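Below is one structure, written out as structure tokens; the observations come after it.
In the working numbering, the protein residues as written are 34 to 178.
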């Protein structure tokens, strides 16, 4: 009998804090480093529900999702296994606090991003380029980071 092995669905959330920048977490678990908040989709959970839950768990922020940005599926994007990530853009207000598997967090602008794990540098490069070149793509997102 043939056994199939499928990629694992995950979500990442680019969280914009009005006029301050985007929220990134420093991971508590391996692989260590800075990352876009996110994680695995639980069974019975929609991608949107997973994004909102993961944002709250890692940043203590209640996020309003503005839209789905892109899905990243390179089999080598995560050294642990083949994860497919659907990336959302969201916004939040308030003061983020590291929680769950986030060791620390920070608010960053494009010009002062830290070194990121996984393919998150590529994701943010795509995000900033898209927001600059096509601001109407997601009209509720400010490009004034």
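Even glycine gets a Cβ: it sits at the ideal position worked out from N, Cα and C. Keep in mind the model is a prediction, meaning the values are calculated, not measured.
| Asked | Found |
| --- | --- |
| Expected contact under 8 Å - CB spacing of residue 134 and residue 60 to nearest Å | 7 Å |
| Beta-ladder partner(s) of residue 60, from DSSP | 135 |
| Residues near residue 114 in its chain [Cβ-Cβ closer than 7 Å; skip 5 each side] | 41 |
| Residue nearest to residue 95 in terms of C-alpha spacing, selected from 47, 168, 137, 124 | 124 |
| Simplified DSSP state of residue 178, which is helix, strand or coil | Summary for residue 178: the model assigns pLDDT 42, below 50, so the residue's position carries little reliability; its value from the coordinates is reported in the next sentence. Reduced to three states, the DSSP call for residue 178 is coil. |
| Limits of the beta strand (DSSP E) - the one that residue 43 falls within | 41–50 |
| Exposed unless 16 or more other CB atoms sit within 10 angstroms - verdict on residue 77 | exposed |
| Rounded separation between residue 46 and residue 101 - CA only | 9 Å |
| Coarse secondary structure for residue 119, derived from DSSP in three states | strand |
| Spatially closest choice to residue 48 from 158, 85, 62, 137, by CA coordinates | 85 |
| Which listed residue (44, 70, 65) has its alpha carbon closest to that of residue 132 | 70 |
| Cβ neighbour criterion (16 or more within 10 Å) applied to residue 109 | exposed |
| Residue(s) in a DSSP beta bridge with residue 110 | According to DSSP, residue 110 bridges with nothing at all. |
| Rounded straight-line distance, which links the Cα of residue 34 to that of residue 57 | 44 Å |
| Beta-carbon proximity check, residue 148 vs residue 66, cutoff 8 Å | yes |
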